[in-house]
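Input: a single structure, listed below in structure tokens.
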Amino acid sequence: MACALILYVAFPTRTYYWDGVLFSLNIESVARGDASAAMLIHPNHLLFSGFGYLLYRGAAACGLAMRAIAVLQVFDMLASAAAAGLVYAIAKRVTQSAGAALACGVLFAFGATWWKFSTDADAYIPTVLLLLLTIWFAIQQPPRLVAAGACHTAAMLFHQLAIFTYAAIVTAILLDRRRSPGKRVSICAAYVCGTSLCVGAAYWICYLQADHAAYPTLRRFIASYASDSGFTRSFAELFTMYLASYGKLFAGGKLSLIREFFSPLTVTAFVVCAAALGFSVRQWRAVAKPEQADRRALAILWAWLIPCAIFLALWDPGSAFHKLFAWPAIALLIGAYAASRRERPWIGLAIGLAAWNFGAYIYPHAHASADPVLTLARRMDGEMPKNATVYYAAFSPDDWYLDYFAPGRKWVRLAGAPAKEPFCAETTALVALAPTEQPAARWELVNSQHNIRVECFSGAR
């Protein structure tokens, strides 16, 4: 959708998710020759960094002086706009209603979490685009399974969570009544075996290049996950964090950020929000139309949503961004069951939600000053010597930010006392070194979310 792409490009996020910063840091390190290509391999999103590397080198070959994070952001914006167009096309096919499809497309494109990540540098957006293509091919009559399998395989190589779309494809095949039940089962088996063998072969090849000290077996490589993620620890999490994370898919914003970045654009967005919601309320009195949804397509959408929702209830329940894999199915099911019966109210509601998200969430996060770590990194970039060596004991996500946005410095793992020359140390290295001399320069960000200290010294003690 052209309108979505224009807004994405005009207001890219400046509060980056740490995954995208690490992708970009690794891509540029490999491009400079400072690291091997194996650094681009990650089991959770196996080939995404490698694909990003090709995009980065391609942009450079075209004469575009862009950093890797900007290249990935532009790609995500284009992928998101294409995904919104696919949601519209699928919704129109499912509901037989252009109005309901418009409501679905607007809701999907401008949902808070999706919109924010659409302007970031992450693997979620292109993976979901590939999954939408998979579903588009699967709902055809007859299903276009070769095309669906190719897109699904690519999606799983971009992010592991794409595996939960298997249930939707199997459902599409089983509901294809043109074939006998036995033939359908055979096709399901062929689809699952063919795609899983392709993915398995790719994982095996990449595992041969991976760090076997960190991943001693292929199983450990495939099943690894971030240290800040984990499985649900109590039922209370399901009724608090889990449900709240779905709310974040629809709407976002913090009062503190609204106050800090309040502007005429914010006022305009809130006025549009109020007007759209008022329009929606007035239109709600109209008589609802009978539901006309495609039953086979509905079953496919439910089969897409339910396995993903169950898994994400058990694993990392508070994460909103992992729910992006369920977001298209949620938006499409809302279109099928609600928007198709009351088109105008849902169009108004979707526009109102989009306006709110812009004023309360997207516009504030389009400012670099909304991210304190980025602000610190930029200050360090202006004050720290360009040839500085920064020692660390553990390379944390905050360090990724500092390394990437204050480029040119050499970051080195601490293996003993630094050489007797000027050096800098970040938080974990400072704890290990316990220096007694006063630093020549210091930068810090210490609050409830961050504990960052970087100090530079004239010589080792």
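All the letters of the sequence shown, read from the start, carry residue numbers 39 to 499 under our numbering.
We treat Cβ as the ideally placed atom computed from N, Cα and C, and that holds for glycine.
Bear in mind the structure is a predicted one, so any value in this text is a computation, not a measurement.
#1: Judging by CA-CA distance, which residue of V484, G285, D114 is the nearest neighbour of N395?
#2: A42 and A119 look like a contact to me (Cβ under 8 Å); what is the Cβ gap, rounded to whole Å?
#3: Indicate whether V125 and G143 have their beta-carbon atoms separated by less than 7 Å.
#4: Any idea which residues DSSP pairs E493 with across the strands?
#5: Which residue marks the beginning of the beta strand (DSSP E) containing W449, and which one marks its end?
#6: Whose CA, out of Y401, V237, K327, H405, lies closest to the CA of E381?
#7: Whose C-beta lies closer than 7 Å to the C-beta of A498 among residues of the same chain, with five residues either side of it excluded?
#8: Measure the C-alpha to C-alpha separation of A121 and L168 and round it to an integer number of angstroms.
#9: Kindly indicate which three-state DSSP category W322 falls into: helix, strand or coil?
#10: Does G101 pass the burial test, meaning 16 or more other C-beta atoms within 10 Å, or should it be called exposed?
#11: Restricting to Cα atoms, I'd like to know which of T191, F495, G90 is closest to E475.
#12: Counting pairs of beta carbons, one from the region 50-70 and one from the region 172-192, are three or more of them closer than 8 Å?
#13: Between which two residues does the alpha helix (DSSP H) containing Y204 stretch?
#14: Give the DSSP bridge partners of C429, in chain order.
#15: Mark N485 as exposed unless 16 or more other C-beta atoms lie within 10 angstroms of its C-beta, in which case mark it buried.
#16: Evaluate W342 with the Cβ neighbour count: other Cβ atoms within 10 Å of its Cβ, from every protein chain shown; 16 or more gives buried, anything less gives exposed.
#17: Would you mind working out which of A453, L483, W481 sits nearest A470, comparing C-alpha positions?
#18: Can you grab the Cα-Cα spacing for the pair V309 / G390, in whole Å?
#19: Grab the span of the alpha helix (DSSP H) containing Q111 for me, first residue to last.
#20: Rounded to whole angstroms, what is the Cα-Cα separation between P50 and Y91?
#21: G316 to L303, Cα distance in whole Å?
#22: So, does the CB of A313 fall closer than 7 Å to a CB anywhere in chain C?
#23: Run the CB neighbour count on V208, radius 10 Å, all protein chains shown included, and call it buried at 16 or more, exposed below.
Looking at the atomic coordinates:
#1: Per the Cα distances, G285.
#2: Right, their Cβ atoms sit about 5 Å apart.
#3: Yes, the Cβ-Cβ distance between V125 and G143 is below 7 Å.
#4: In the DSSP output, where bridge partners are listed per residue, E493 has A463, R480.
#5: Segment 448-451, the beta strand (DSSP E) holding W449.
#6: Just measuring C-alpha positions, the residue of Y401, V237, K327, H405 sitting nearest E381 is K327.
#7: Residue confidence for A498 is low, a pLDDT of 47 falling below 50, so the modelled location carries little weight; the figure read from the coordinates is stated next. So the qualifying residues of the chain are A455, P456, A457, K458, F461.
#8: The C-alpha of L168 is placed about 8 Å away from the C-alpha of A121.
#9: In this structure, DSSP gives W322 a state outside helix and strand, which the three-state scheme calls coil.
#10: Around the beta carbon of G101, fewer than 16 other beta carbons lie within 10 angstroms, which makes this residue exposed.
#11: Of the candidates T191, F495, G90, the one whose C-alpha sits nearest the C-alpha of E475 is F495.
#12: They do not touch, by the three-pair rule.
#13: Y204 -> alpha helix (DSSP H) spans 204-212.
#14: Strictly speaking, residue 429 in this sequence is Tyr, with Cys absent from that position. V450, A463, per the DSSP bridge assignment.
#15: So N485 counts as exposed.
#16: With a threshold of 16 other beta carbon atoms within 10 Å, W342 meets it and is buried.
#17: For A470, the closest of A453, L483, W481 by C-alpha to C-alpha distance is A453.
#18: Computed Cα separation, rounded: 9 Å.
#19: For Q111, the enclosing alpha helix (DSSP H) covers residues 106-133.
#20: Answer to the nearest angstrom: the Cα atoms are 21 Å apart.
#21: Spanning the two alpha carbons is a distance of roughly 20 Å.
#22: Protein chains in the displayed structure number just one, and chain C is not present.
#23: That one is buried.
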